[in-house]
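Novice: If you scroll down you'll find the structure; I have some questions about it.
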Amino acid sequence: MIELRHLKTLSALRDAGSLVEAAERVHLTQSALSHQIKDLEDRLSCSLFIRKTKPICFTSAGQRLLTLADEILPMIRNTERDIARLAGGEAGRLNLCIECHSCFDWLMPTIDHFRQHWPEVELDLSSGFSFQPLPALARGDLDLVITSDPEARTGITYIPLFTYESRLAISKQHRLMARRYIHPEDLAQETLITYPVEHQRLDIFNHFLDAADVEPATIRTAELTVMMLQLVASGRGVAALPNWALHEYIQRDYIASRPLGEKGVWCTLYAAIRDDQKDAEFMVDFLNTAKDVSFRNLTGIKTA
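If you want this note's numbering, it's the 1-based position in the sequence shown plus 315.
Pasting the structure below:
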């Protein structure tokens, strides 16, 4: 009566909060997903969630099935990992590099989870602030690079992880609080706080300022997201950061944020890997774990 696909669908629906996003995560059309849920409800003779609620509110029966999903799905994933290791796919090296510190919000839980299941894989992590990570990946010095700025390179594959919105963080007293969204010209007289990397590796320049030929009045750098937001909160400047990195601070009423442009600036985060490693069992599992952890823990992201 209850199939694995049903548990995966309900889990995706809970994590996504909407039918549209859940359908994308399980690779179904919205119509097919709705039909699958209705079919399960007919089999069980009860509703699983309350329609037209946001976020989705599950019934007692729906909650019970989610509890089952949380028990069964990890067991299946663990068994698949064990079989892969028994088949000889456990040995390897995974040297990672990230291009922004805001990725730590989801990457560290991913690494913790990965280490538990692949203890034999040698794992290391570095920041891409002081060197060019993609050439290092192509040379073999790195094995995976987290980036939102893919470059076409022979032998490199980009795996989309998720899509996020880049928003402008401002203080609660900032003049731009009166704006519904930010125009590029609004930043011409602002101090922009960024990570210490080249402009071409920053979303706000690539997807917002450069097209309008606008430069901020001043640029100030900081390596840590928390330091950037402390400077923003104290009125020392503004910063463009992913929506998930701003969520906690906005919830605490520490700062405010505004979309970049009327439609917002949406970007995709990728895992760049070499073609010769894209089928390695531990690499496939790391990427799947990264997606699962991200969608479970981050607010405001979408399926790429």
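Glycine included, each C-beta is placed from N, C-alpha and C at the ideal position.
#1: Around the C-beta of K578, are 16 or more other C-beta atoms found within 10 angstroms, so that it is buried, or is it exposed?
#2: Shortest alpha-carbon distance to A272 belongs to which of Y585, T506, S572?
#3: Which residues mark the beginning and the end of the alpha helix (DSSP H) in which F419 is found?
#4: Are V608 and T425 close, meaning C-beta to C-beta below 8 angstroms?
#5: Can you name the residues that DSSP bridges to D607?
#6: Using a Cβ cut-off of 8 angstroms (strictly closer), state whether L409 contacts chain C.
#7: Over what stretch of residues does the beta strand (DSSP E) that includes E437 continue unbroken?
#8: Quick one: what's N410 bridged to in DSSP?
#9: Can you give me the C-alpha to C-alpha distance between I365 and V341, rounded to a whole angstrom?
#10: What do you get for R329, buried or exposed, if any count of 16 or more other CB atoms within 10 angstroms of its CB means buried?
#11: Helix, strand or coil, according to DSSP, for E513 in the structure here?
#12: From A337 to T478, what distance separates their C-alpha atoms?
#13: Quick check: the Cα distance between I508 and L411, rounded to an integer number of angstroms?
#14: Give the single residue among S442, V436, E437, P434 whose Cα lies nearest to the Cα of L422.
#15: Alpha carbons only, please: which of I485, D458, K369 is nearest the one belonging to V436?
#16: In the DSSP assignment, what are the bridge partners of S572?
#17: Taking the alpha-carbon positions, what's the R495 to I519 distance?
#18: Expressed to the nearest angstrom, what Euclidean distance is found between the alpha-carbon atoms of K487 and I570?
#19: Could you give the DSSP three-state label for R567: helix, strand or coil?
#20: Thinking C-alpha only, which one of I616, A595, P475 is nearest S463?
#21: What are the start and end residues of the alpha helix (DSSP H) that includes R535?
Specialist: For this structure:
#1: exposed
#2: Outside the modelled stretch of the chain, which goes from 316 to 619, sits residue 272, for which no answer is possible.
#3: 419 to 432
#4: yes
#5: Per DSSP, none; premise fails for D607.
#6: Included in the structure is just one protein chain, with no chain C present.
#7: 437 to 442
#8: D439
#9: 21 angstroms
#10: buried
#11: coil
#12: 14 angstroms
#13: 25 angstroms
#14: S442
#15: D458
#16: A484
#17: 18 angstroms
#18: 6 angstroms
#19: coil
#20: P475
#21: Where R535 is concerned, there is no enclosing alpha helix (DSSP H), although the beta strand (DSSP E) it sits in stretches over 533 to 536.
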